[in-house]
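In this note's numbering, the protein residues as written are 14 to 147. For each residue, glycine too, the CB sits at the ideal point set by N, CA and C. Here's the structure, in structure tokens; my notes come after.
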């Protein structure tokens, strides 16, 4: 089962199979989020007829653009091993809460916000300079 799930994740992420293992985190290690992460979930649902009615996407994955909207985002990372458990149980199971991952994700989001603000400042400065000297 692990090999089958790895094949799906590899196909959806474009990551070579050799670089994937059970501990690989879908969002954190592979960068799959938003629609890309949803495609992995959708493929598993289709192929294995899994019940995802209890699945809250935004607790586990961020949007492709913008900020995470769930206060619990980052606490419950999804690994390939976890997806194997889901496939075996035929329904969504909540991953274990991971405080360290939450802190890491919070730090990444904070850095990204700072980068966006700095980029906006640079763009605005260039705009003002162009306007002044044009």
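Selected residue, minimal CA-CA separation from residue 112, among 147, 89, 142: Position 99 of the chain shown, counted from the start, is the residue given in the question as residue 112. Checking every option, the nearest Cα to that of residue 112 belongs to 89.
With 16 other Cβ atoms within 10 Å as the buried cut-off, status of residue 19: Residue numbering aside, residue 19 sits at position 6 when the chain shown is read from its first letter. Buried is the call here.
Beta-carbon proximity of residue 74 to residue 47, cut-off 8 Å: The residue labelled residue 74 in the question sits at position 61 within the chain shown. The residue labelled residue 47 in the question sits at position 34 within the chain shown. Contact: yes.
Rounded straight-line distance, which links the Cα of residue 125 to that of residue 147: Stepping through the chain shown from its first residue, residue 147 is reached at position 134. Stepping through the chain shown from its first residue, residue 125 is reached at position 112. Spanning the two alpha carbons is a distance of roughly 32 Å.
Continuous alpha helix (DSSP H) stretch holding residue 32: start and end: Sequence index remark: in the chain shown, residue 32 carries index 19 (1-based). It is not in any alpha helix (DSSP H) - residue 32 carries neither H nor E in the DSSP assignment.
Cβ neighbours of residue 67 in the same chain (closer than 6 Å, five flanking residues each side left out): By one-based count along the chain shown, residue 67 stands at place 54. If we look at residue 67 and ignore the five residues flanking it on each side, its Cβ neighbours are 105.
DSSP three-state assignment for residue 104, whether helix, strand or coil: Here residue 104 refers to the residue found at position 91 of the chain shown. Here residue 104 sits in strand by DSSP.
Opposing strand residues paired with residue 92 [DSSP bridges]: Against the chain shown, residue 92 aligns to sequence position 79. Answer is 38.
Among 96, 42, 45, the one whose alpha carbon lies nearest that of residue 65: Counted from its first residue, the chain shown places residue 65 at position 52. When only C-alpha atoms are compared, the closest one is 96.
For residue 100 and residue 61, the rounded distance between their alpha carbons: Residue 61 sits at position 48 when you count from the first residue of the chain shown. Residue 100 sits at position 87 when you count from the first residue of the chain shown. So the alpha carbons of these two residues sit roughly 7 Å apart.
Per DSSP, the bridge partner or partners of residue 49: Locating residue 49 in the chain shown gives position 36, counting from the first residue. Answer is none; residue 49 lacks a bridge partner.
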